[in-house]
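Chemist: Each residue of the sequence shown is one higher than the last, beginning at 1 in UniProt numbering. Even glycine gets a Cβ: it sits at the ideal position worked out from N, Cα and C. Structure incoming, see below.
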Amino acid sequence: MCEGFTDIEYKYCKQITDKLYHHPLALLFLKPVDPITDGCPDYFDVIKEPMDLRTVKEKLNGCKYESSFQWRNDVMKIWENSIKYNAKHILIKKITEKLKKISIKMMTNIPKTDVDLWYIQLQDASKELQSFLKYNPSSSSGMSRSKSKSLHSNPYK
């Protein structure tokens, strides 16, 4: 574990980094931009603080971050740099915006304790249950509620 992180916080940041790194849309963001091979010779004129997922992963694994806040800032820097540099490239901009949205959702509540982690998992389970309950099988099956109940009643009464 790294100084400045709780064990849970560090593991959570690593999981998010890995999810982003392996996301199918993240290919453009896996390694540092090379202005020559990537065809963007003015990149360092426009972007003063480049960042990429490999660098984030290496910094996290090497305990170079003092807090999850610093780690989060670097992840967000990836998307901000891309949006700034690719303002006229609609497809790249849309991909970046999608990854930024995914990142924000995952980084909104970074747990520091077991209780924090439990609460996040409880919220996720609650959302999943609410989504499941929106579908009412009795209304689509054509069966009335009373018939549905009788299928589950005790046959030995």
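Near Glu49, which residues of its chain fall below 8 Å by C-beta distance, leaving aside the five closest residues on each side in sequence?
Modeler: Lys77, Asn81.
Chemist: According to DSSP, is Ala87 part of a helix, a strand, or is it coil?
Modeler: Here Ala87 sits in coil by DSSP.
Chemist: How about Leu60 and Lys14: do their beta carbons lie closer than 8 Å?
Modeler: Yes, the Cβ-Cβ distance between Leu60 and Lys14 is below 8 Å.
Chemist: Just the C-alpha distance for Thr37 and Lys88, rounded to the nearest angstrom, thanks.
Modeler: C-alpha separation (whole angstroms): 20 Å.
Chemist: Quick check: the Cα distance between Asp18 and Lys57, rounded to an integer number of angstroms?
Modeler: Spanning the two alpha carbons is a distance of roughly 8 Å.
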